[in-house]
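In our numbering, each number is its position in the sequence shown, counted from 1, plus 1.
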Amino acid sequence: MAANQGERARRRLSTGERREQLLSVGARLFSESPYDDVWIERVAEIAGVSRGLLYHYFPTKRDFFAAVVERESERMLRMTAAVPGVPVREQLTAGLDTYLGYVQAHGHGFRAFHRADAAGDQAVRRVYQRALAAQEQQILAALAADPEFGPASEAAPHLRLAVRGWLAFTTAVCLEWLRDGALTREQVRDLCARALLGAIA
(Lines of atoms letter the chains of each structure in order from A and count residues from 1; the text may use other names and numbers.)
(Lines give C-alpha, C1' and ligand atoms only; values in the text may rest on other atoms or scores of the structure.)
Protein backbone atom coordinates (compact mmCIF):
# COMPACT_ATOMS: atom_id res chain seq x y z
CA MET A 1 0.00 0.00 0.00
CA ALA A 2 2.80 2.39 0.94
CA ALA A 3 4.50 1.71 -2.39
CA ASN A 4 1.29 2.50 -4.28
CA GLN A 5 0.87 5.73 -2.33
CA GLY A 6 4.45 6.68 -3.12
CA GLU A 7 3.84 6.02 -6.81
CA ARG A 8 0.77 8.27 -6.77
CA ALA A 9 2.73 10.98 -4.99
CA ARG A 10 5.47 10.89 -7.61
CA ARG A 11 2.87 11.33 -10.33
CA ARG A 12 1.22 14.34 -8.71
CA LEU A 13 1.70 17.38 -10.92
CA SER A 14 1.69 21.04 -10.08
CA THR A 15 -1.08 23.22 -11.47
CA GLY A 16 1.20 24.50 -14.24
CA GLU A 17 2.48 21.02 -15.10
CA ARG A 18 -1.03 19.59 -15.21
CA ARG A 19 -2.25 22.39 -17.45
CA GLU A 20 0.70 21.86 -19.78
CA GLN A 21 0.02 18.11 -19.86
CA LEU A 22 -3.62 18.67 -20.81
CA LEU A 23 -2.68 21.16 -23.53
CA SER A 24 -0.14 18.71 -24.95
CA VAL A 25 -2.77 15.97 -25.13
CA GLY A 26 -5.22 18.41 -26.69
CA ALA A 27 -2.68 19.52 -29.29
CA ARG A 28 -2.17 15.91 -30.36
CA LEU A 29 -5.88 15.10 -30.59
CA PHE A 30 -6.85 18.34 -32.33
CA SER A 31 -4.01 17.84 -34.83
CA GLU A 32 -5.31 14.38 -35.74
CA SER A 33 -9.06 15.07 -35.89
CA PRO A 34 -11.43 17.93 -36.70
CA TYR A 35 -12.63 20.02 -33.77
CA ASP A 36 -16.08 18.40 -33.64
CA ASP A 37 -14.58 14.90 -33.49
CA VAL A 38 -12.45 15.51 -30.40
CA TRP A 39 -14.19 14.50 -27.20
CA ILE A 40 -13.19 16.16 -23.95
CA GLU A 41 -13.68 12.80 -22.18
CA ARG A 42 -10.93 11.32 -24.38
CA VAL A 43 -8.55 14.11 -23.40
CA ALA A 44 -9.21 13.39 -19.71
CA GLU A 45 -8.80 9.65 -20.24
CA ILE A 46 -5.42 10.00 -21.97
CA ALA A 47 -4.19 12.46 -19.33
CA GLY A 48 -5.34 10.14 -16.56
CA VAL A 49 -7.56 12.71 -14.89
CA SER A 50 -11.27 13.06 -14.25
CA ARG A 51 -13.42 15.02 -16.65
CA GLY A 52 -14.28 17.30 -13.72
CA LEU A 53 -10.63 18.19 -13.21
CA LEU A 54 -10.21 19.06 -16.88
CA TYR A 55 -13.26 21.30 -16.70
CA HIS A 56 -11.72 22.93 -13.62
CA TYR A 57 -8.87 24.13 -15.84
CA PHE A 58 -10.96 24.77 -18.97
CA PRO A 59 -14.71 25.39 -18.43
CA THR A 60 -15.70 24.45 -22.00
CA LYS A 61 -14.30 22.60 -24.99
CA ARG A 62 -14.06 25.93 -26.80
CA ASP A 63 -11.96 27.35 -23.95
CA PHE A 64 -9.72 24.29 -24.10
CA PHE A 65 -9.12 24.48 -27.85
CA ALA A 66 -8.59 28.24 -27.65
CA ALA A 67 -5.93 27.63 -24.98
CA VAL A 68 -4.20 25.09 -27.23
CA VAL A 69 -4.16 27.62 -30.07
CA GLU A 70 -2.92 30.44 -27.85
CA ARG A 71 -0.16 28.25 -26.43
CA GLU A 72 1.17 27.43 -29.88
CA SER A 73 0.83 31.04 -31.02
CA GLU A 74 2.88 32.28 -28.07
CA ARG A 75 5.58 29.71 -28.79
CA MET A 76 5.81 30.73 -32.43
CA LEU A 77 5.90 34.44 -31.65
CA ARG A 78 8.69 33.96 -29.11
CA MET A 79 10.78 31.97 -31.55
CA THR A 80 10.32 34.35 -34.46
CA ALA A 81 10.79 37.59 -32.50
CA ALA A 82 12.98 40.09 -34.32
CA VAL A 83 16.37 41.08 -32.92
CA PRO A 84 16.58 44.90 -32.83
CA GLY A 85 19.32 46.37 -34.98
CA VAL A 86 20.05 43.17 -36.91
CA PRO A 87 19.25 43.31 -40.68
CA VAL A 88 16.30 41.22 -41.81
CA ARG A 89 18.42 39.25 -44.27
CA GLU A 90 20.75 38.17 -41.48
CA GLN A 91 17.89 37.20 -39.20
CA LEU A 92 15.81 35.38 -41.78
CA THR A 93 17.84 32.19 -42.13
CA ALA A 94 18.45 31.78 -38.40
CA GLY A 95 14.85 32.63 -37.56
CA LEU A 96 13.43 30.16 -40.06
CA ASP A 97 15.84 27.48 -38.87
CA THR A 98 14.59 27.93 -35.30
CA TYR A 99 10.98 28.00 -36.46
CA LEU A 100 11.34 24.81 -38.50
CA GLY A 101 13.01 23.14 -35.54
CA TYR A 102 9.89 23.98 -33.56
CA VAL A 103 7.66 22.60 -36.31
CA GLN A 104 9.58 19.32 -36.23
CA ALA A 105 9.62 19.05 -32.44
CA HIS A 106 6.00 20.15 -31.94
CA GLY A 107 4.26 18.89 -35.05
CA HIS A 108 1.04 18.08 -33.20
CA GLY A 109 0.80 21.59 -31.78
CA PHE A 110 1.61 23.19 -35.12
CA ARG A 111 -1.09 21.19 -36.91
CA ALA A 112 -3.60 21.85 -34.14
CA PHE A 113 -2.92 25.58 -34.35
CA HIS A 114 -3.60 25.67 -38.06
CA ARG A 115 -6.71 23.51 -37.74
CA ALA A 116 -8.26 26.32 -35.74
CA ASP A 117 -9.15 28.26 -38.88
CA ALA A 118 -11.34 25.36 -40.00
CA ALA A 119 -13.09 25.06 -36.64
CA GLY A 120 -16.80 25.80 -36.76
CA ASP A 121 -16.59 27.87 -33.58
CA GLN A 122 -16.21 31.55 -34.45
CA ALA A 123 -14.62 32.40 -31.11
CA VAL A 124 -11.85 29.87 -31.74
CA ARG A 125 -11.34 31.18 -35.26
CA ARG A 126 -10.96 34.70 -33.84
CA VAL A 127 -8.19 33.45 -31.53
CA TYR A 128 -6.43 31.98 -34.57
CA GLN A 129 -6.86 35.12 -36.66
CA ARG A 130 -5.48 37.29 -33.85
CA ALA A 131 -2.45 35.01 -33.63
CA LEU A 132 -1.80 35.29 -37.37
CA ALA A 133 -2.21 39.06 -37.21
CA ALA A 134 0.41 39.19 -34.44
CA GLN A 135 2.86 37.18 -36.58
CA GLU A 136 2.17 39.45 -39.54
CA GLN A 137 2.73 42.59 -37.47
CA GLN A 138 5.94 41.19 -36.04
CA ILE A 139 7.36 40.67 -39.54
CA LEU A 140 6.18 44.09 -40.77
CA ALA A 141 7.77 45.80 -37.78
CA ALA A 142 11.10 44.07 -38.47
CA LEU A 143 10.96 45.14 -42.11
CA ALA A 144 10.08 48.73 -41.23
CA ALA A 145 13.05 48.91 -38.82
CA ASP A 146 15.50 47.65 -41.45
CA PRO A 147 17.13 50.43 -43.55
CA GLU A 148 17.07 48.15 -46.61
CA PHE A 149 13.32 47.59 -46.52
CA GLY A 150 11.96 50.37 -44.30
CA PRO A 151 11.71 53.17 -46.91
CA ALA A 152 10.26 50.79 -49.50
CA SER A 153 7.74 49.35 -47.06
CA GLU A 154 6.36 52.82 -46.30
CA ALA A 155 5.74 53.40 -50.01
CA ALA A 156 4.35 49.94 -50.74
CA PRO A 157 0.79 49.41 -49.49
CA HIS A 158 0.87 45.89 -50.92
CA LEU A 159 3.59 44.80 -48.44
CA ARG A 160 1.10 43.71 -45.78
CA LEU A 161 -0.67 41.53 -48.33
CA ALA A 162 2.67 40.08 -49.46
CA VAL A 163 3.60 39.16 -45.87
CA ARG A 164 0.16 37.66 -45.27
CA GLY A 165 0.53 35.59 -48.41
CA TRP A 166 4.00 34.47 -47.35
CA LEU A 167 2.68 33.29 -44.00
CA ALA A 168 0.05 31.21 -45.80
CA PHE A 169 2.72 29.84 -48.14
CA THR A 170 5.05 28.93 -45.26
CA THR A 171 2.22 27.25 -43.38
CA ALA A 172 1.29 25.14 -46.40
CA VAL A 173 4.93 24.17 -46.98
CA CYS A 174 5.43 23.19 -43.33
CA LEU A 175 2.25 21.12 -43.16
CA GLU A 176 3.24 19.24 -46.32
CA TRP A 177 6.78 18.82 -45.01
CA LEU A 178 5.43 17.26 -41.81
CA ARG A 179 3.30 14.93 -43.89
CA ASP A 180 5.92 13.54 -46.26
CA GLY A 181 9.33 14.83 -45.16
CA ALA A 182 10.66 14.78 -48.73
CA LEU A 183 12.88 17.84 -48.19
CA THR A 184 15.52 18.46 -45.56
CA ARG A 185 15.05 21.22 -43.02
CA GLU A 186 17.71 23.26 -44.79
CA GLN A 187 15.88 22.93 -48.11
CA VAL A 188 12.59 24.03 -46.58
CA ARG A 189 14.33 26.92 -44.83
CA ASP A 190 15.94 28.17 -48.03
CA LEU A 191 12.69 27.79 -49.97
CA CYS A 192 10.77 29.87 -47.44
CA ALA A 193 13.53 32.49 -47.19
CA ARG A 194 13.62 32.97 -50.96
CA ALA A 195 9.83 33.22 -51.03
CA LEU A 196 9.75 36.04 -48.47
CA LEU A 197 12.52 38.02 -50.11
CA GLY A 198 10.82 37.56 -53.47
CA ALA A 199 7.45 38.61 -52.09
CA ILE A 200 8.73 41.85 -50.62
CA ALA A 201 11.12 42.74 -53.45
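For glycine and all other residues, C-beta sits at the position ideal for the given N, C-alpha and C.
Remark: fewer than three beta-carbon pairs, one from each stretch, lie closer than 8 angstroms, so the stretch 96 to 103 and the stretch 24 to 38 are not flagged as touching. Nearest neighbour of Leu168 by Cα position, chosen from Ala145, Arg90, Ala113 and Ala196, turns out to be Ala196. Apart from sequence neighbours up to five positions away, the residues of its chain that approach Leu179 with a beta-carbon distance below 6 angstroms are Gly108, ordered along the chain. Shown here for Gly110: same chain residues with a beta carbon closer than 6 angstroms to its own, the five before and five after excluded, namely Ala28 and Glu73 in chain order. Taking C-beta atoms as the reference points, Ala142 and Ala202 fail to come closer than 8 angstroms.
In the three-state reduction of the DSSP assignment, His109 falls in the helix class. Contact between Ala48 and Leu30 does not hold, since the beta-carbon distance rounds to 11 angstroms and is not under 8 angstroms. With 16 or more neighbouring CB atoms inside 10 Å of its own CB, Thr171 falls in the buried class. Of the residues Arg186, Arg116, Gln105 and Val89, the one whose Cα lies closest to the Cα of Ile140 is Val89.
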